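Student: I'd like to ask you about the structure that follows.
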Amino acid sequence: MLMVTATVLLTIHRLVWTLWPMLAKKILSPCASKFRAGSGYPLSWICSTLDTISNYATAIITTFIYAIIFGFLFRRRSNWRKNREVRVTLLVFCFCAYQIVCFIVWEFVMPMLKSKQYLACINLVMWVIWNGASALLYMIFSVSFRHDLVNMVRSVGWDRGEHKCNRVIPMDSVQNLPKAVA
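When you line the sequence shown up against mature numbering (1 follows the signal peptide of the UniProt record, and there is no 0), it's residues -18 to -1, 1 to 164, in that order.
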């Protein structure tokens, strides 16, 4: 339920920043963004039903909002390669699209499969991709993220075959270090 809420809020955030960039800070102020979630769920079947309904609502809402965003950007004739706002919108769209694919698999494909071995395999692969999707999408869309990653790899020495972080320090050199003054 939390991921569904986060997906809808992230999509609405993209919509506001794309359509009204000058007013976005006022619209999305910290006071306006606060909401409370109920901590106690007395009946599990109600939660299950609400979870299914919210999954359907998320799929429909995110698809509709991204159609509006891309229509607005296309009408404005934004430069798709150089505009940072378009790249961020594509990044969020790809992440939401993957979440919709997971929703379809979990809601429709999983109940149709009878073998538990296939279910476990599909769930494991989707879980691994789910946990790496954010970093992978940032590597694809963010130039500064790629540069920072390359600089980090070069600083450690992995690109030259060196392994600076795996060096073994002899015990006698550690014992000869001056003691810290308390």
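No residue lacks a Cβ here, since even glycine has one placed at the ideal position from N, Cα and C. What you are looking at is a predicted structure, and each value in this text was computed from that prediction instead of being measured.
Would you kindly work out how many angstroms separate the C-alpha atoms of Arg(-5) and Lys98, rounded to a whole number?
Tutor: Those two C-alpha atoms are separated by around 38 Å.
Student: Taking Val107 as the reference, give the member of Leu119, Trp88, Pro93 with the closest Cα.
Tutor: It is Trp88 whose Cα lies nearest to the Cα of Val107.
Student: Out of Val110, Ala41, Ile122, which one is the CA nearest neighbour of Arg69?
Tutor: Nearest C-alpha to Arg69: Ile122.
Student: Does the beta-carbon distance from Thr(-8) to Ile43 come in below 8 Å?
Tutor: Going by C-beta atoms, Thr(-8) is nearer than 8 Å to Ile43.
Student: Output yes or no for whether 8 Å exceeds the beta carbon distance between Met94 and Leu101.
Tutor: No, Cβ-Cβ distance for Met94 and Leu101 is not below 8 Å.
Student: If you draw a straight line from the C-alpha of Tyr120 to the C-alpha of Leu131, how long is it?
Tutor: If you take the alpha carbons of Tyr120 and Leu131, they lie about 11 Å apart.
Student: What beta strand (DSSP E) runs, 3 residues minimum, are completely inside the region 60 to 121?
Tutor: Whole beta strand (DSSP E) segments, 3+ residues: zero.
Student: Shortest alpha-carbon distance to Asn37 belongs to which of Ile104, Arg58, Ala115, Gln81?
Tutor: The option with the nearest alpha carbon to Asn37 is Gln81.
Student: Roughly how many whole angstroms lie between the Cα atoms of Ala79 and Tyr48?
Tutor: The alpha-carbon atoms of Ala79 and Tyr48 are separated by roughly 10 Å.
Student: Using the Cβ count rule (16 or more neighbours within 10 Å means buried), how would you classify Thr(-1)?
Tutor: It is buried - the Cβ of Thr(-1) has at least 16 other Cβ atoms within 10 Å.
Student: Using a threshold of 8 Å, state whether the C-beta atoms of Ser116 and Phe77 are closer than that.
Tutor: Yes, Cβ-Cβ distance for Ser116 and Phe77 is below 8 Å.
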